[in-house]
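Heads up: the structure comes next, in structure tokens.
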Amino acid sequence: MKKPPTATKVASMKRAAKVLARTQSISHSEALERLAREQGYASWHEVTSLRGASPADDEFPIDPPLPKNFDDTPNEDRSKRQIDQWWQRPFLLSNSNGGYTVRALDGGAWDRSTFYGDAPDLESAKQLARAKLAKWRGYLDQPKALFDDEFRIMFLDPMRPREPLVVVDVVDGTSEAMAAWQAAWDGLSDHERKGRIARARERARHVPNYDAMDRFVRRDILRPSSPEMGYSQQAACLLLWRWRDVESNTASGSLIEIGHYLTPFMRKGTLEDLREFLRGLGSVTAPAAGKAQADRVPVVREMLFHAVPGHPERETFEARLSPAVLERTPRARRRLSEATAS
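Residue numbers (full-length UniProt numbering): 1 to 342.
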């Protein structure tokens, strides 16, 4: 069992996290997570759990002044400042009977803080907050599956809003492969499992979040910075960077997000722009990322359609899309064959 960190060590890590957050433009919580791993801990949660303190801080705010509409705001619409201050940080509200209500903004509810429960006294309220938050974080660290006809993406939920899913692995879609993967995962020791989770979350930290991608779309795609490269080609190159390989939390981890990222592009782009983008995506990813990555091109196409269901060319796009792109998966080839026959 690991030795609990001293109060001096925890305080030193917090000071270092403030400097790291300021110099590298990351949130304080992200800096704490990184420093914890550098010190040999699975997460900052493990540091504070061993220390016997709150996972987010050394104390829980009591009757704090909350932002306006705190419990009536979608989590994705909250400011970075609000998320940094309140995300996964339980707070206590005094009751008339001398007890406390425990709540936390943790994503359990999509537009408000989560009710953790009532406690008769302060110490019980703190224990309740620690236990509930630890249980929720344990749930977030349980791999879940995104299903496709030919593969399964094993992912973890993100720890914060507006961040991509955390890819742990991509598995063949057969029931035998899934059963084998689950058995291997269950056979890991607690230490090995925590290590894989920590590494997956660290990889995901390098995938652009919603805000970073939105800035890129507005600055570099809708307004090309290079006269030699149109925004469709830039988008393809960006996605290639995100698709470096499955183990690095790339395209597979972003399928669920890509539609949102490219919504501005879809609204302003023409059918030919979109076709050029997908054609470029197929040609760029195929030689560099390999067949496994190129096979996901039609999935991205479907995510784009899903993001903007009212796109005027949605109905005719399938028939007019370049066959070179459509032919990249067996499922797509079947669809192309059916469309040609009809």
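Where is the CB? At the ideal position from N, CA and C, for every residue including glycine.
Note that this is a predicted model, so its numbers are computed, not measured.
Between R152 and W87, the C-beta spacing is not below 8 Å. Secondary structure note for G138: its alpha helix (DSSP H) is the uninterrupted segment L122 to L140. For R81, the enclosing alpha helix (DSSP H) has its first and last residue at K80 to W86.
One Cα belongs to K9, the other to P65, and the distance between them is close to 30 Å. By alpha-carbon distance to V102, the top candidate from R112, D157 and K126 is K126. In terms of Cβ geometry, A104 and R89 form a close pair [threshold 8 Å]. Counted as a single uninterrupted DSSP element, the alpha helix (DSSP H) harbouring S12 occupies residues A7 to Q24.
Assignment of A42 by DSSP, reduced to helix, strand and coil, places it in the coil class.
Counting along the chain, A104 sits inside the beta strand (DSSP E) bounded by residues Y100 to A104. Nearest to L165 by alpha-carbon distance, out of Y116, S94, L50 and R203, is R203. The bridge partners DSSP lists for A119 are Y100. 8 Å or more divides the Cβ of V170 from the Cβ of M178. Taking C-beta separations shorter than 7 Å and ignoring five residues to either side along the sequence, the partners of A119 in its chain run G99, Y100, V102, A125 and L128, following chain order.
Going by DSSP, D186 is part of no beta strand (DSSP E) but of the alpha helix (DSSP H) stretching over S175 to D186. If you ignore the 5 residues before and after T73, its C-beta comes within less than 7 Å of the C-beta of D111, all in its own chain and listed in chain order.
F70 places its beta carbon less than 8 Å from that of S113.
The beta carbon of W181 is closer than 6 Å to those of V171 in its chain, skipping five residues each way along the sequence.
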